[in-house]
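Residue numbers for the sequence shown follow our numbering, so the first one is 1 and each next one is one higher. Cβ atoms here follow ideal geometry from the backbone N, Cα and C, with glycine treated the same way.
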Amino acid sequence: MAELAPVKVALLDIVLRSKGLGVLLVIFFFPYALEALPETLKSKWDDPEFVVYRDAFPEEHKASPEALHAHVRDLMARDVKISYLKALQGYLWESGYKSGQLKAPLFDDVPPRLRGWKQKGIEIMIYSSGSVPAQKLLFRYTNSEPADLNPLISDYFDTVNAGLKTEASSYAKIAAAHDRYPPSSWLFLSDNVKEVEAAKAAGMKSFIVQRPGNSDLPSDIETQHTVISSFGDISSVGA
């Protein structure tokens, strides 16, 4: 088990990818967005609620539903992380959540560990390339009981309000937003080696979370970083 104390903030990554599994999720949300997009473009093109998301795209890609559809598919195929795409995905996911077609299936170890940390007074925060609204939706509609885990979470960060996840300055900015906690009292959990390295460069503790289906790690990774396969592998968090 990875010994860890004292930690005051658990900063968690959510990886929403078209390929591979993330720290928390066991299914892919991107396919749902792609499946829902054509009908949404057809039925909501001039709907004021949708126009906000449509008009955030570059002019040349919003001339028609077909043009926007092609552009979104291209961006998602290339795993491009850009704010207007993330916002549209969040809108599509929200529709899926509300209809009951989507739930965020968390790994079994996640909900009890989050509740345990909260009971110990540990602040739980999220840092994802997915937009903050999308993060809140995800934690509102989980397969946990109760389903809404947002009351456990103190703050949310994305690439808009914090910066790129592979840059140490982003983690420094997040820590500065809650400066009552020194960076050394933060723990960042991610499946991305470069993100873990960036968090460490900013003075945080950071572990790699290797879930089933994740990309293989370098053979010598454990000489450089702590690798865990479950939140339960962390034996102690807190003062």
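{"Check": "Could you give the distance in angstroms between the alpha-carbon of GLY163 and the alpha-carbon of PRO133?", "Outcome": "16 Å"}
{"Check": "At which residues does the beta strand (DSSP E) containing SER43 begin and terminate?", "Outcome": "Here SER43 belongs to no beta strand (DSSP E); instead the alpha helix (DSSP H) covers 30 to 44."}
{"Check": "Assuming contact is defined by CB atoms lying nearer than 7 Å, are ALA202 and ALA168 in contact in what I supplied?", "Outcome": "yes"}
{"Check": "Determine which residues share a DSSP beta bridge with SER129 and list them.", "Outcome": "SER129 pairs with nothing; no bridge assigned."}
{"Check": "Does the region 100 to 120 come into contact with the region 141 to 156, if we say contact requires no fewer than three beta-carbon pairs (one atom in each stretch) closer than 8 Å?", "Outcome": "yes"}
{"Check": "Are ALA87 and SER131 touching if we call contact CB-CB under 7 Å?", "Outcome": "yes"}
{"Check": "From SER64, PRO112, ARG140, THR159, pick the residue whose C-alpha is nearest to that of TYR84; which is it?", "Outcome": "THR159"}
{"Check": "Can you tell me where the alpha helix (DSSP H) holding VAL196 begins and where it ends?", "Outcome": "193 to 201"}
{"Check": "Which same chain residues, not among the five before or five after LEU24, have their C-beta less than 6 Å away from its C-beta?", "Outcome": "Summary for LEU24: the model assigns pLDDT 46, below 50, so the residue's position carries little reliability; its value from the coordinates is reported in the next sentence. Only ILE14, LEU106, VAL110 meet the Cβ criterion."}
{"Check": "Find out if the Cβ-Cβ distance for the pair VAL9, GLU123 is shorter than 7 Å.", "Outcome": "yes"}
{"Check": "Buried or exposed: ILE174, going by 16 or more other Cβ atoms within 10 Å of its Cβ?", "Outcome": "buried"}
{"Check": "If distances are taken between C-alpha atoms only, which option among GLN89, LEU152, GLN135 comes closest to LYS118?", "Outcome": "LEU152"}
{"Check": "With burial defined as no fewer than 16 other Cβ atoms inside 10 Å of the residue's Cβ, what is the status of SER64: buried or exposed?", "Outcome": "exposed"}
{"Check": "Let's see if you can read the secondary structure: which residues bound the beta strand (DSSP E) around LEU11?", "Outcome": "9 to 14"}
{"Check": "What does the alpha-carbon distance come out to for the pair GLU275 and VAL7?", "Outcome": "With the chain running from 1 to 239 in the structure shown, residue 275 is simply not present."}
{"Check": "On the three-state DSSP scale, how would you describe SER185?", "Outcome": "helix"}
{"Check": "Would you mind working out which of HIS178, LEU92, ASP191 sits nearest TYR53, comparing C-alpha positions?", "Outcome": "LEU92"}
{"Check": "Quick check: the Cα distance between HIS178 and TYR127, rounded to an integer number of angstroms?", "Outcome": "14 Å"}
{"Check": "Smallest Cα separation from LYS205: which of GLY96, LEU217, TYR181, ASP216?", "Outcome": "TYR181"}
{"Check": "Is ASP158 close to the ligand MN? I mean its beta-carbon at under 6 Å from any heavy atom of the ligand.", "Outcome": "By its list of ligands, the structure shown contains no ligand whatsoever, and the ligand MN lies outside what it can speak to."}
{"Check": "Taking Cβ to Cβ, would you say PHE139 is nearer than 7 Å to ASN150?", "Outcome": "yes"}
{"Check": "With H, G and I counted as helix, E and B as strand and the rest as coil, what does DSSP make of LEU21?", "Outcome": "With a pLDDT of only 35 at LEU21, under 50, the local geometry of the prediction cannot be trusted, and no value is derived from it."}
{"Check": "Ignore the nearest five residues each way along the sequence and tell me which others in GLU60's own chain have a CB closer than 8 Å to its CB.", "Outcome": "ALA67"}
{"Check": "Which stretch, first to last residue, makes up the alpha helix (DSSP H) that contains ILE174?", "Outcome": "168 to 177"}
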